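Heads up, the thing below is written out as structure tokens.
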Amino acid sequence: MALGSQLSAVAAFLALAALALTLWRRRPAAPWVGLAALLSAAWAGDLAWEGLRADAAVTGATGMLGLARSAGWYAVLLAVLARFQGDLPERVRTLRLWRGGLALFLAATLLASLLGPVSDATMAWRTLASLLLAVAGLVLVEQLFRNTPLQKRWEVKFLCLGVGAMFAFDLFLFADLVLFQAVDRPTWQARGAVNALVVPLIAASMHRQPQRSEEPTVSRQLAFHSAALIGAGIYLLLVGAGGYLLRRTGGDWGALLQVALLFGAVLLLVLLLSSGSFRTRLRVLINKNFFNYKYDYHDEWLRFTHTLSGEHGELPFRQRAIEAIAELVDSFGGLLWARDRHGDYRLEGVLNLGDPDHPPEPGDGELATFLAESGWVIDLDEYRRGQHPYGDLSLPAWLVGSPRYWLVVPLLQGEGLTGFAVLAHPRAPWPLEWEDRDLLKTAGRQLAVYVALAQTDEALLEARQFETFHRLAAFLVHDLKNVSGQLSLVLSNAERYRDNPEFVASAFDTVRHARDRLDRTLAQLRNAQPEPAAPAQRVELDEVLHRVVERCADAEPLPQLQVDGRVQVVGDRERLISVLAHLVRNAQEATPADGQVRLQMGERDQWGYIVIEDTGQGMDEQFIREQLFQPFQTTKGNAGMGIGVYEAREYIAQLGGRIDVRSCPGQGTVFTVRLVARGSSGSRPGLANVQVAS
């Protein structure tokens with residue numbers, strides 16, 4: 001009877017494995033169900049073999065096959081659970097904790113079961129371990145059902161019932177054994193039949209899983225880690241069996257050899273799992289044998305974009321670009337060539353290949369022309385063997401002569417070649433297939449856009465630097481022109497007024513002012529930046545306007561000043577005089593000699609104001625809106641720099657004010673300038689209004 005019970009379990013699980021691996025090979029988690037069913041069949045067969053021996057009723061409680069059987073169903077539950085976790089970091093982290101915890105638990109159970117001779121204590125531990133395995137399985141079943149969306153629970157309901165029933169029966173069986181140190185023999189003998197009864201439930205659950213036309217829904221990362229976990233488990237099982245045999249047959253040296261074997265085996269396992277070459281080989285093996293497509297394009301593209309964005313990296317952009325495309329084929333480094341402004345291709349980035357000094361590739365050379373016209377990925381190993389479809393293509397000697405170089409990937413943008421990447425050989429042999437070439441070509445097009453954007457940013461930065469330099473030069477020339485005008489005025493009046501003491505004093509004041517202005521110009525040249533702001537000081541606007549009138553008295557029409565009260569502002573006195581004088585001179589130049597230029601200053605509603613009004617030719621609204629305050633826009637031809645009004649507006653804005661303009665062609669112009677004012681009554685700061693007509 002006991003033998004029939006176990007054999008029924010063997011037959012049922014073998015049938016489930018066959019169905020899972022053939023009829024349902026395109027259904028989620030079917031490969032893991034097939035593997036777990038095979039392990040369960042082997043476990044049931046072991047129980048049947050033990051049942052033929054006398055007094056062997058419970059010796060197989062937690063043998064290696066029993067442990068493998070539990071690990072197999074854990075893998076099934078984790079594979080199904082991974083489908084509903086999504087990409088949320090906390091859920092992925094929880095799933096990883098489950099995998100790691102179960103792996104450590106299984107490894108600890110295995111080692112504890114294999115170490116030491118068979119005794120009452122060892123049997124007690126094995127029984128307790130079986131109980132813990134059942135509890136862990138029930139907890140994992142509960143986690144799967146609870147974390148499955150409500151609309152999807154009908155897919156996993158029978159799976160949870162079937163696997164949960166298996167672990168629940170084990171819990172009842174081994175709890176009774178732990179508590180009473182005995183087990184009911186009929187219950188133990190029925191274990192195989194009970195496990196056979198849950199097979200239809202698991203099969204029904206697999207039938208409810210939606211079909212996938214492309215590939216199993218098991219993620220490649222889950223498949224990789226599960227395969228590594230199962231492989232490590234099988235490896236440890238074999239090592240444990242070898243250690244057990246050494247201990248039983250090695251005599252006095254048996255225990256020593258067993259410890260040495262276990263230590264060496266664990267050390268070798270750690271070395272293998274930490275080896276990049278081993279991981280690459282395992283990944284290639286899984287992708288070739290378990291998936292219709294070689295890549296998980298969703299994950300590959302997310303990783304590619306994440307590497308290019310450099311959110312957590314410190315590598316420069318060009319090295320990140322090489323790393324992003326090299327990761328796709330597990331290459332450890334490469335070279336990046338980009339087109340320069342002369343149309344040639346220069347080496348602009350190197351990753352993990354030292355510091356090569358290769359000459360530029362001409363834009364009309366064979367390599368660049370072939371890549372631009374064909375868009376092919378060149379396999380250099382294939383080219384070196386002479387078995388290639390590249391025709392009469394002649395590659396550069398530096399490219400063919402180095403055995404480190406493996407692939408040449410074109411970076412195409414539209415129909416033009418932005419550059420190309422040369423990738424180094426991967427860590428392990430990587431057979432290049434059509435899928436690799438398509439992915440690399442697509443990634444190359446995406447990378448070409450990033451490279452072009454990087455070059456555009458660098459060109460824009462260079463243009464801005466030149467713009468800053470030219471703006472500085474324009475301001476300096478403007479200041480020098482004003483200084484030259486002041487000195488020319490002194491020279492033109494020297495013949496008539498050289499004997500006049502007042503003229504001499506005024507001339508010295510003019511020269512002193514010119515010297516101060518030249519000193520500020522030299523300071524700008526040293527600092528290579530616009531003139532720094534002077535220390536804040538209170539300035540009387542009426543004194544400023546009197547100085548402006550004196551400075552502009554050499555031209556016609558003479559400005560007429562009207563002052564209503566006193567207004568103070570905070571700013572640089574000399575610069576404010578220069579700004580207002582420039583506005584007044586503009587008014588004089590725009591007004592005929594028989595016209596009028598009037599200046600008025602006063603205070604209104606706690607705000608001071610200055611008005612400069614002319615009866616000149618005026619301006620239209622379009623010119624005021626689009627050109628008046630733009631730098632390097634002038635109506636004076638070669639006589640002006642076009643930055644005086646722009647400089648005036650910028651300085652007034654620094655003082656917290658503004659300039660308003662009202663004008664009409666043929667009817668004159670009025671400028672209104674607002675400044676931060678300090679009234680004598682101690683009221684809050686206001687804006688002094690400066691109106692200038694030109």
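Under UniProt numbering, think of the first position of the sequence shown as 1, with each following residue one higher. The beta carbon of each residue, even a glycine, is placed where N, CA and C say it ideally should be. Predicted, not measured: the structure shown is a model, and the values here were computed from it.
For the alpha helix (DSSP H) that contains residue i, what are its first and last residues?
i, result
"arginine 69", "64-83"
"methionine 619", "That residue, methionine 619, is in no alpha helix (DSSP H); it is neither H nor E in DSSP."
"glutamine 209", "Where glutamine 209 is concerned, there is no enclosing alpha helix (DSSP H), given that its DSSP letter is neither H nor E."
"threonine 418", "Run containing threonine 418: none in the alpha helix (DSSP H); it sits in the beta strand (DSSP E), 416-424."
"residue 750", "Residue 750 lies beyond the residue range present for the chain, which begins at 1 and ends at 694; the question has no answer from this structure."
"asparagine 195", "191-197"
"alanine 324", "317-327"
"aspartate 381", "380-385"
"glutamate 433", "Element bounds for glutamate 433: n/a, residue is neither H nor E."
"leucine 367", "366-374"
Short of 6 Å in beta carbon distance, which residues of its chain neighbour residue i, apart from the five on each side in sequence? Order them along the chain.
i, result
"glycine 565", "Gly602 and Glu603"
"methionine 64", "Leu237"
"phenylalanine 13", "Ala37, Ser40 and Ala41"
"alanine 555", "Gln588"
"valine 667", "The displayed chain sequence assigns glutamine, not valine, to residue 667. These residues qualify, in order along the chain: Gly618."
"arginine 547", "Ile577"
"phenylalanine 503", "Tyr497"
"valine 549", "Pro559 and Leu561"
"valine 422", "Gly334, Leu335, Tyr405 and Val408"
"leucine 440", "Val377 and Val409"
Give the range of the beta strand (DSSP E) segment to which residue i is assigned.
i, result
"glycine 644", "No beta strand (DSSP E) contains glycine 644, which is instead part of the alpha helix (DSSP H) from 644-654."
"glycine 571", "568-571"
"leucine 351", "345-351"
"glycine 405", "The sequence as given places tyrosine at residue 405; glycine does not occur at that position. Tyrosine 405 -> beta strand (DSSP E) spans 405-413."
What residues match up with residue i in a beta bridge as DSSP calls it?
i, result
"aspartate 660", "Thr672"
"valine 597", "Pro559 and Asp614"
"arginine 339", "Tyr345"
"glutamine 537", "Gly571"
"glutamate 361", "Tyr345"
"serine 8", "DSSP output for serine 8 lists no bridge partner at all."
"serine 331", "Pro426"
Under the rule that 16 or more other beta-carbon atoms within 10 Å means buried, what is residue i, buried or exposed?
i, result
"glycine 391", "exposed"
"leucine 351", "buried"
"threonine 456", "exposed"
"isoleucine 234", "exposed"
"cysteine 664", "exposed"
"leucine 133", "buried"
"glutamate 348", "buried"
"asparagine 586", "buried"
"tryptophan 49", "exposed"
"alanine 463", "exposed"
"histidine 582", "buried"
"glutamine 319", "buried"
"glutamate 361", "buried"
"histidine 298", "exposed"
"phenylalanine 370", "buried"
"phenylalanine 420", "buried"
"proline 559", "buried"
"tryptophan 434", "exposed"
"glutamate 543", "exposed"
"valine 239", "buried"
"glutamine 562", "exposed"
"residue 695", "Only positions 1 to 694 of the chain appear in the structure, and residue 695 is not among them; the question remains open."
"asparagine 195", "buried"
"glutamate 647", "buried"
"histidine 342", "exposed"
"glutamate 155", "buried"
"aspartate 572", "buried"
"leucine 460", "exposed"
"glutamate 323", "buried"
Indicate, with yes or no, if the ligand MG has a heavy atom lying under 7 Å from the CB of residue i.
i, result
"phenylalanine 145", "No copy of the ligand MG appears in this structure; indeed no ligand is present at all."
If you drop the 5 nearest sequence neighbours on each side, which residues of the same chain put their C-beta closer than 7 Å to that of residue i?
i, result
"threonine 187", "Leu173"
"alanine 20", "Ala30, Val33, Gly34, Ala37 and Met206"
"aspartate 381", "Trp406"
Excluding the 5 residues preceding and the 5 following residue i in the sequence, name in chain order all residues of the same chain whose CB lies nearer than 8 Å to its CB.
i, result
"leucine 171", "Leu131, Ala134, Val135 and Leu138"
"glutamate 327", "Arg303, Phe304 and Thr307"
Consider the Cβ of residue i: report whether some Cβ of chain C lies at a distance smaller than 8 Å.
i, result
"arginine 649", "No chain C appears in the structure shown, which is made up of a single protein chain."
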